[in-house]
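The listed protein sequences correspond, in order, to chains A and B.
Numbered continuously in our numbering, the first sequence closes out at residue 1291.
Numbered continuously in our numbering, the second sequence closes out at residue 1291.
Backbone N, C-alpha and C define an ideal beta-carbon position, used for all residues, glycine too.
Below you'll find the structure, written out as structure tokens, and then a few comments.
2 protein chains.
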Amino acid sequence: MSTTISTDGVGAASARVAAYLRDLILRDELKPGDRIRQEDIADRLGASRLPVREALRMLEAEGLTEHRTNKGARVPRLSMHEVDVVYRMRERLEPLALTESLPLLSGDDHARLEGVQQQIEANTDLDRFLELDREFHLGTYSGCHIDSLNAMVTRLWNSTQHYRRAFVAMGGQARMWVVNAEHRLLLDAVVRRDPADAERFLEGHIRRTRIELGHHPAVFGEQR
Amino acid sequence: MSTTISTDGVGAASARVAAYLRDLILRDELKPGDRIRQEDIADRLGASRLPVREALRMLEAEGLTEHRTNKGARVPRLSMHEVDVVYRMRERLEPLALTESLPLLSGDDHARLEGVQQQIEANTDLDRFLELDREFHLGTYSGCHIDSLNAMVTRLWNSTQHYRRAFVAMGGQARMWVVNAEHRLLLDAVVRRDPADAERFLEGHIRRTRIELGHHPAVFGEQR
DNA sequence: TGACACACGATTGGATCCAAAATCCAGCCT
DNA sequence: AGGCTGGATTTTGGATCCAATCGTGTGTCA
Chain A
1068 MSTTISTDGV GAASARVAAY LRDLILRDEL KPGDRIRQED IADRLGASRL
1118 PVREALRMLE AEGLTEHRTN KGARVPRLSM HEVDVVYRMR ERLEPLALTE
1168 SLPLLSGDDH ARLEGVQQQI EANTDLDRFL ELDREFHLGT YSGCHIDSLN
1218 AMVTRLWNST QHYRRAFVAM GGQARMWVVN AEHRLLLDAV VRRDPADAER
1268 FLEGHIRRTR IELGHHPAVF GEQR
Chain B
1068 MSTTISTDGV GAASARVAAY LRDLILRDEL KPGDRIRQED IADRLGASRL
1118 PVREALRMLE AEGLTEHRTN KGARVPRLSM HEVDVVYRMR ERLEPLALTE
1168 SLPLLSGDDH ARLEGVQQQI EANTDLDRFL ELDREFHLGT YSGCHIDSLN
1218 AMVTRLWNST QHYRRAFVAM GGQARMWVVN AEHRLLLDAV VRRDPADAER
1268 FLEGHIRRTR IELGHHPAVF GEQR
């Protein structure tokens, strides 16, 4: 994922620009509060401002940027309460995606998830963890083919990525064993195709993270 | 709502175009499968194609249109299963919005909701019912100030509006007394500020609608 | 010295123009 | 007669150009 942006982009310059900006925001190279200048991005990708504008419109609807007329686009800053509610949304929506996905996951999918979880357990790098964790969870939803549900789940992840990173960086690493235990229980339920258990473990996993996040108000205090 | 589009639109032509198209889709003047030609819309609003394109990007991210490169925009056609899942999403998300809203609703808000419900009980027109029902439910969420949650709830409503209309038109009217009973119970819980009851009644209300929708497969069969 | 006003630069919003892709239709060949 | 190929028209995608708005810095006046 997010490998080469390169020059191909056959058929969709605006989609390429959107992917580029999305990637910047997820990798935290664009942080909450940062302004996004159209011409800047256009130059950087060798395109005109037009596809940039369309991309910004798309990202705005995804909640990754906010737009004020004649004042430009910024990465929105979320309050602790907003992030808290987004996590509550995840607690309710993701179990649905999981239940929807569960019966359609193949043995290959299970093996792939097992591999990702092993990498998580062996990993020590922060950014790598964020990537793998995302791959693991979204992987468990890969059997769900309802576009609107997939899109919403992805958006909930994207819009809180910055705060998740800040949280893990502030020592969330110490409790990694909890994450792994939860992932293991979840994965087992997935392989057994037990939707009740899977939903319960998943909801608990997100809920615990939400609560721990609430104990780190510093994550939300960093204005620059 | 959707009163005058007129010529004002100070500061946002693309937003005006988006609102115009959104309104067309919600009023069922653009139906699933219909193609949207940029120049057509541009002419109709006396604007150039550029704001239309931006508007289409926004609507695409909202799930109201779908876009294929070089092939244009269409109103997406949803399968019964997709609509079913969207309703399941509503069952989970809207109670959250309600709980978030409940403590912040004023006595005036309660009175306004009471008034809307009375209008629903007195009403006989199909389109008017759809408007009022939407106003009632979204009104109960008006105390929720989490943008991302509000946006998602609105999108879930918007993307299924066409099928709701078709369902009501096919005789859903007959069971209007059930709707009113559920609304009354819900409204009472809202006024009492009882989140547990409110969530339960709301979830039940959406769930029952989902199940009845499932008994009317004809709603989804109408290709043109 | 401080505050207001004006003007200039920077940046976004909108329109027109050009290129590329897709669709449609007619003609041709089998 | 039917299907396939080719070009013409329609429609979308992208770039450049112009207008409007915002922010900023400076200069002037009380």
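Positions along the segment 1149-1170 of chain A whose CB lies within less than 7 Å of some CB in chain B: Of all residues in the segment 1149-1170 of chain A, only E1149, V1152, V1153, R1155, M1156, R1159, L1160, L1163 and E1167 come within less than 7 Å of chain B when Cβ atoms are compared, listed by chain position.
Beta-carbon contacts of H1134 (chain B) that lie in its chain and below 6 Å, excluding the five residues immediately before and after: Closer than 6 Å at the Cβ level, and outside the excluded window around H1134 (chain B), lie E1127 and A1140.
Cβ of A1128 (chain A) within 8 Å of any chain B Cβ: Yes, A1128 (chain A) counts as interfacial toward chain B.
First and last residue of the uninterrupted alpha helix (DSSP H) at R1267 (chain A): Its alpha helix (DSSP H) spans residues P1262 to G1281.
Among A:Y1208, A:R1195, A:M1237 and A:A1086, nearest to V1258 (chain A) - alpha-carbon criterion: Answer by Cα proximity: A:Y1208.
Alpha carbon of D1101 (chain B) to alpha carbon of S1226 (chain B), nearest angstrom: Using only the alpha carbons, I get a separation of about 14 Å.
Straight-line Cα distance separating P1099 (chain A) from V1142 (chain A): C-alpha of V1142 (chain A) to C-alpha of P1099 (chain A): approximately 5 Å in a straight line.
Secondary structure, alpha helix (DSSP H): runs of 4+ residues fully inside the segment 1113-1181 of chain A: Fully enclosed alpha helix (DSSP H) runs of 4 or longer: 1116-1129 and 1147-1168.
Rounded straight-line distance, which links the Cα of D1255 (chain A) to that of A1122 (chain B): A1122 (chain B) and D1255 (chain A): Cα-Cα distance of roughly 45 Å.
Span of the alpha helix (DSSP H), counted from its first residue to its last, around A1086 (chain A): Residues A1080 to L1093.
Cβ contact check for the segment 1162-1175 of chain B and the segment 1183-1198 of chain B: 3 or more pairs under 8 Å: Fewer than three Cβ pairs drawn from the segment 1162-1175 of chain B and the segment 1183-1198 of chain B lie within less than 8 Å of each other, which leaves the two stretches out of contact.
Identity of the residue in A:W1244, A:L1197 and A:V1150 nearest L1093 (chain A) by Cα: If we check each option's Cα against that of L1093 (chain A), A:L1197 comes out closest.
Partner residues on chain A for S1215 (chain B), Cβ-Cβ distance less than 9 Å: Chain-order list of chain A residues neighbouring S1215 (chain B): G1130, L1145, E1149, V1152, V1153, M1156, R1222, L1223 and S1226, by C-beta distance under 9 Å.
Cβ-based burial, I1273 (chain A) [other Cβ within 10 Å; buried from 16]: Counting the other CB atoms within 10 Å of its CB gives I1273 (chain A) a total of 16 or more, which places it among the buried residues.
Min CB distance E1121 (chain B) to chain A below 8 Å: So yes, E1121 (chain B) belongs to the interface.
Host alpha helix (DSSP H) of T1191 (chain A) (start-end): That residue, T1191 (chain A), is in no alpha helix (DSSP H); it is neither H nor E in DSSP.
C-alpha gap between Y1154 (chain B) and T1276 (chain B), whole angstroms: Looking at the two C-alpha atoms, the distance is approximately 8 Å.
At least 3 beta-carbon pairs within less than 8 Å: the segment 1101-1114 of chain B vs the segment 1148-1163 of chain B: In the pairwise beta carbon analysis, the segment 1101-1114 of chain B is classified as not touching the segment 1148-1163 of chain B: fewer than three pairs are separated by under 8 Å.
Short CB-CB distance (under 8 Å) between T1136 (chain B) and chain A: Closer than 8 Å: yes.
A1218 (chain B) Cβ short of 7 Å to the ligand HEM heavy atom set: In the structure on display, the ligand HEM does not appear, and there are no ligands present to speak of.
Reference D1202 (chain B), options B:V1220, B:G1281 and B:D1264, closest by Cα: It should be noted that the sequence gives Glu, not Asp, for residue 1202 (chain B). Ranked by how close their Cα comes to the Cα of E1202 (chain B), the residues B:V1220, B:G1281 and B:D1264 have B:V1220 in first place.
Distance between L1131 (chain B) and R1089 (chain B) (C-alpha atoms, nearest Å): Approximately 7 Å, taken between the alpha carbons.
Any C-beta of chain B under 8 Å from that of M1125 (chain A): Contacts with chain B at 8 Å (Cβ-Cβ) include M1125 (chain A).
Contact list for A1079 (chain A) against chain B, beta-carbon separation under 7 Å: By Cβ distance, chain B contributes T1136.
Cutoff 6 Å; reference I1072 (chain B); Cβ partners in own chain excluding five residues on either side: Confidence is the limiting factor: at I1072 (chain B) the pLDDT is only 35, short of 50, which leaves the residue's position unreliable and the question unanswerable from this model.
Same chain, Cβ closer than 7 Å to E1106 (chain A), neighbours up to 5 away in sequence not counted: Contacts found: R1116.
Exposed unless 16 or more other CB atoms sit within 10 angstroms - verdict on P1284 (chain A): That one is exposed.
Candidates B:D1264, B:M1237 and B:E1161: closest to I1213 (chain B) by CA position: It is B:E1161.
Where I1103 (chain A) sits in the DSSP three-state scheme: DSSP places I1103 (chain A) in strand when its eight states are reduced to three.
Same chain only: Cβ atoms within 6 Å of Q1186 (chain B), ignoring 5 sequence neighbours per side: Excluding its 5 nearest sequence neighbours in each direction, Q1186 (chain B) has C-beta neighbours in its own chain below 6 Å: L1199, listed in chain order.
M1125 (chain A) classed as buried or exposed, judged by whether at least 16 other C-beta atoms fall within 10 angstroms: When all chains shown are included, M1125 (chain A) counts as buried.
Q1240 (chain A) to E1270 (chain B) span [Cα, whole Å]: Approximately 37 Å, taken between the alpha carbons.
Cβ-Cβ distance between L1163 (chain A) and M1156 (chain B) below 8 Å: Closer than 8 Å, so yes.
Run of the alpha helix (DSSP H) containing V1246 (chain B), from where it starts to where it stops: Per DSSP, the continuous alpha helix (DSSP H) segment holding V1246 (chain B) begins and ends at M1243 to V1258.
Through-space distance from F1234 (chain B) to N1247 (chain B), alpha-carbon basis: If I take the Cα positions, the gap works out to 17 Å.
Within chain B, the residues that V1219 (chain A) reaches when beta carbons sit closer than 7 Å: Correcting the residue type first, residue 1219 (chain A) is Met in the shown sequence and not Val. Within 7 Å Cβ-Cβ: M1219.
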